[in-house]
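Asker:
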Amino acid sequence: MSTDAAAPRRRVAVAITGASGALYATRTLAALLERGVHIELIVSDYGRRLLRDELGERATVDKLLEFLGESYGPAVHSGTYTLHSNKDLGATIASGSHDCDGMVVVPCSMKTL
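For the sequence shown, position 22 matches number 7 in the working numbering, and the numbering has no gaps at all.
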């Protein structure tokens, strides 16, 4: 399979909730970044707490790329991400016309699902 250098980068929205399972969230982010995906990231207030509580102080949203690089290796730098405020209803990601290839909600409780 050949890759086209001019092919547009895939875009995936990732929402991190406060449901237990921060490791699932970080592994999902790392897997997407390793593949060169651009991530539109939204983290709830409880999602921010979840990252710290389950993975430690190094796993804060402010230091997320650094944490992912330390945990999963330098290949995570193949992708990029944009962090959106979970309180900004006017963010581009909130628009139905925003160009995105898919969305992952991780971790996701049955209640949220």
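Each residue gets a CB set at the ideal place from its N, CA and C atoms; glycine is no exception.
Predicted model, so just to flag it, every value in this text is computed and none were measured.
Is the beta carbon of G87 sitting closer than 9 angstroms to the one on L18?
Answerer: Going by C-beta atoms, G87 is not nearer than 9 angstroms to L18.
Asker: Taking the alpha helix (DSSP H) that A10 falls in, what are its first and last residues?
Answerer: Segment A7 to E19, the alpha helix (DSSP H) holding A10.
Asker: Under 9 angstroms, do I23 and V(-3) count as touching if we go by C-beta distance?
Answerer: In the sequence as presented, Ile is not what sits at residue 23; that position holds His. Yes.
Asker: Determine the burial state of P92: buried for a count of at least 16 other Cβ atoms within 10 Å of its Cβ, exposed for fewer.
Answerer: The residue is buried, with at least 16 neighbouring Cβ atoms inside 10 Å.
Asker: Quick one: measure Cβ to Cβ for T2 and G41, integer angstroms, because I've assumed they're closer than 8 angstroms.
Answerer: No, T2 and G41 are not in contact; Cβ-Cβ is about 19 angstroms, not under 8 angstroms.
Asker: Provide the residue span of the alpha helix (DSSP H) that contains L49, from first to last.
Answerer: Looking at the DSSP string, the run of the alpha helix (DSSP H) that includes L49 is L49 to Y57.
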